[in-house]
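> Here our numbering is used: the first residue of the sequence shown is 17, the next is one more, and so on.
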Amino acid sequence: MTVNVGVIGVGLIGEDHVRRLTRVLSGGAVVAVADVDRGRAERVAAALGGPRVLAVGEDVIGDPAVDAVLVASWGPTHEGYVLGCIAAGKPVFCEKPLATTQGACLRIVDAEAARGARLVQVGFMRRYDPAYRALKAAVDGGAIGAPLLLHAAHRNPSVPGHYVDDMALNDTMVHDADVARWLLAEEIAAVSVLTPRRNGRADLRDPLLVLFRTESGVLVDVEVSMNVAYGYDIRGEVVGERGVAGLAEGNPVVVKCRGRFEGRVPADWRERFMRAYDLELQAWLEAAALGKATGPSAWDGYAATAVADAALASVGTGAWTPVKLRERPALYATGD
Ligand code: NAP
């Protein structure tokens with residue numbers, strides 16, 4: 017079966033997802049797109065197979081030719097579109113963050129739980145990255161013993177002009193919150209944010225050192241940098257009771273010459289996580305063909321945004337701030 021997909025928002029990542037749905041993956045076809053910038057939607061549609069351009073996102077959700085919806089518009093618009101998809105009974109892939117406030121995430125959780133079956137997959141693609149999957153397998157395999165610490169870094173070469181301070185936590189760091197919960201298989205109980213001397217190249221609170229304490233007492237440190245200039249660098253290492261497991265440098269080739277050795281640092285998230293984006297959307301199409309959703313859930317989206325909210329409350333003081341989650345509905349009892 018071919019899943020007919022409608023895409024809302026065809027900016028940087030929306031356009032890339034239309035490309036992979038059209039040219040890379042199997043079992044899906046993009047039949048409709050909408051973007052507040054209609055000219056952009058028309059350019060993307062013309063370049064990638066000519067889906068119909070609709071006026072607004074609600075038209076995409078309501079289109080009887082659309083079986084499933086991909087939301088890749090700006091974060092504050094996600095709630096309305098995801099709720100619209102749940103009401104229409106259509107599977108929806110929502111780029112992270114699920115929504116930018118806990119209240120909005122909980123409205124989505126409540127709507128999906130009331131329906132009694134999952135329709136929402138959140139774009140936490142690191143869970144599909146082969147390197148992260150190998151790291152999780154190493155931790156779950158038990159060879160390093162119980163985890164004690166997780167060291168992580170999320171370094172961006174630069175960020176776009178519309179990027180504001182809070183986005184470092186509620187748009188960027190949500191990936192690190194999700195991956196820590198997933199790797200360690202427990203919730204984050206408290207957050208502290210430390211602010212070192214600013215990067216003089218940026219007009220932002222940059223970098224940040226974000227600390228998580230999990231329910232069992234594992235400590236996580238995440239460096240969140242927005243302007244490292246040298247490339248896109250994602251790091252993670254779990255320290256266990258009798259060993260460590262970490263993401264390796266991902267170079268297929270190292271060049272040695274003139275007394276030096278060199279490898280490549282990915283230019284951006286598209287290069288570093290290309291395979292993960294392919295795998296997450298292929299999994300989404302396969303579940304959507306059955307009218308279902310698997311992978312990162314609305315609950316995972318809510319939990320990550322709750323961590324971001326606690327982090328925002330800690331900025332300026334560094335005080336440990338509790339993350340208070342609502343009781344988890346039975347629908348989200350298992351990881352998938
Ligand atoms: P972007 O380049 O700014 O694209 C967003 C697009 O959506 C723009 O064309 C924007 O138009 C449009 N848009 C805004 N509001 C809309 C609405 N109400 N209806 C339809 N279209 C609307 O941003 P992006 O980098 O692609 O990010 C989009 C989303 O993906 C964000 O939530 C972001 O956090 C997420 N993302 C995830 C990853 C990941 O690694 N998983 C990576 C990048 C981005 P205007 O420009 O005219 O406002």
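Here a beta-carbon is modelled for each residue, glycine too, at the ideal position from N, C-alpha and C.
1. Quick check on TYR97: buried or exposed, where buried means 16 or more other Cβ atoms within 10 Å of its Cβ?
2. If you count every other CB in all the chains shown that lies within 10 Å of the CB of PHE228, and 16 or more means buried, which is it?
3. Is it a yes or a no for the segment 226–245 touching the segment 256–267, going by three-plus beta-carbon pairs under 8 Å?
4. Quick check: the segment 182–194 against the segment 98–115, are there 3 or more CB pairs under 8 Å?
5. In terms of residue numbering, what span does the beta strand (DSSP E) encompassing GLY256 cover?
6. Rank GLU128, ARG143, LEU210 and VAL180 by C-alpha distance to the C-alpha of LEU295 and give the top, closest one.
7. From GLN118, ASP83 and ALA50, pick the residue whose C-alpha is nearest to that of MET17; which is it?
8. Is TYR148 buried or exposed, if buried means 16 or more other CB atoms sit within 10 Å of its CB?
9. Using the rule of at least 16 other Cβ atoms within 10 Å of the residue's Cβ for burial, across every protein chain shown, is GLU257 buried or exposed?
10. Which residue's Cα is closest to the Cα of GLU31: PRO67, SER42, THR116 and VAL19?
11. Assess, as a yes-or-no matter, whether the segment 17–26 is touched by the segment 74–81 under the definition of 3 or more beta carbon pairs within less than 8 Å.
12. Does DSSP put PRO163 in a helix, in a strand, or in coil?
13. Our contact map puts LEU347 next to ALA129 with C-beta atoms below 8 Å; I'd like the distance itself, whole angstroms only.
14. State the Cα-Cα distance for the pair VAL26 and GLU203, rounded to the nearest angstrom.
15. Taking buried to mean at least 16 other C-beta atoms within 10 Å of its own C-beta, is SER42 buried or exposed?
16. Are the beta-carbon atoms belonging to LEU165 and VAL255 less than 8 Å from one another?
This is what the structure gives:
1. buried
2. Under this definition PHE228 is a buried residue.
3. no
4. yes
5. 249–256
6. With respect to the C-alpha of LEU295, the residue from GLU128, ARG143, LEU210 and VAL180 having the closest C-alpha is ARG143.
7. Ranking the options by Cα distance to MET17, first place goes to ASP83.
8. Buried is the call here.
9. exposed
10. PRO67
11. yes
12. strand
13. 5 Å between Cβ atoms; contact.
14. 33 Å
15. exposed
16. yes
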